[in-house]
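Engineer: Residue numbers (my numbering): 739 to 904. Glycine residues also receive a C-beta, built at the ideal position from the N, C-alpha and C atoms. Predicted model only: the values in this text are computed from it and were never measured.
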């Protein structure tokens, strides 16, 4: 199916898709954004659509996947502490330390980060902030393998520098 035919067919199912988007997002503006993103992806991949099949169903699957991927992505970025950190036996010990010990630890962590080579530090910080390897590679304009190496080397250096806190 070409893009013109696809666009005309998609216009007919757009109101139904909007109601599904509204059901997913529970917000009118977010629903409009989700619908728009779904239709853009549909147009981009219309050559994969088989004529005679259910267009509304095909676009619904695209919408559902787009919504779930965006939820997972935003959840990853908003997570600061992982579940493993919350279950750690070290959590009880760390909660009993006084503020001055924590201040010294923060200072040591900052010193350790500053001791890293700039490329390694930036890549590690972005990874720690929740960015994916591919996003870091794009931002720093370096190959994906280099990003992974930088992060691995930064971890190794930080472990050496901060071994007293194990």
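Would you identify the three-state DSSP class for residue 881, choosing helix, strand or coil?
Structural biologist: Here residue 881 sits in coil by DSSP.
Engineer: Is it the case that the Cβ atoms of residue 772 and residue 805 are separated by a distance below 7 Å?
Structural biologist: Closer than 7 Å, so yes.
Engineer: If we count Cβ pairs, one from each stretch, closer than 8 Å, do we get three or more for the stretch 783–803 versus the stretch 758–767?
Structural biologist: At 8 Å Cβ cutoff, the stretches touch.
Engineer: Please return the same chain residues whose Cβ sits closer than 7 Å to the Cβ of residue 751, not counting the five positions on each side in sequence.
Structural biologist: Answer for residue 751: 793, 794 and 797, listed in chain order.
Engineer: Which residue wins for smallest C-alpha separation from residue 776, given the options 758, 883 and 811?
Structural biologist: With distances taken between Cα atoms, residue 776 lies closest to 758.
Engineer: Would you please state the rounded distance, in angstroms, between the beta carbons of residue 885 and residue 850? I believe it to be under 8 Å.
Structural biologist: The pair is not a contact, with the Cβ atoms about 20 Å apart (cut-off 8 Å).
Engineer: Residues in its own chain within less than 8 Å of residue 780 by CB, not counting five upstream and five downstream?
Structural biologist: Closer than 8 Å at Cβ, skipping near neighbours: 744, 748, 787, 796, 797 and 800.
Engineer: Return the CA-CA distance between residue 857 and residue 888, expressed in angstroms with no decimal places.
Structural biologist: The straight-line gap from Cα to Cα measures roughly 7 Å.
Engineer: Which two residues bound the contiguous alpha helix (DSSP H) that contains residue 771?
Structural biologist: Taken as a continuous stretch (DSSP letters only), the alpha helix (DSSP H) holding residue 771 covers 766–782.
Engineer: Verify whether the separation of the beta carbon atoms of residue 871 and residue 882 is less than 7 Å.
Structural biologist: In contact: residue 871 and residue 882 (Cβ atoms closer than 7 Å).
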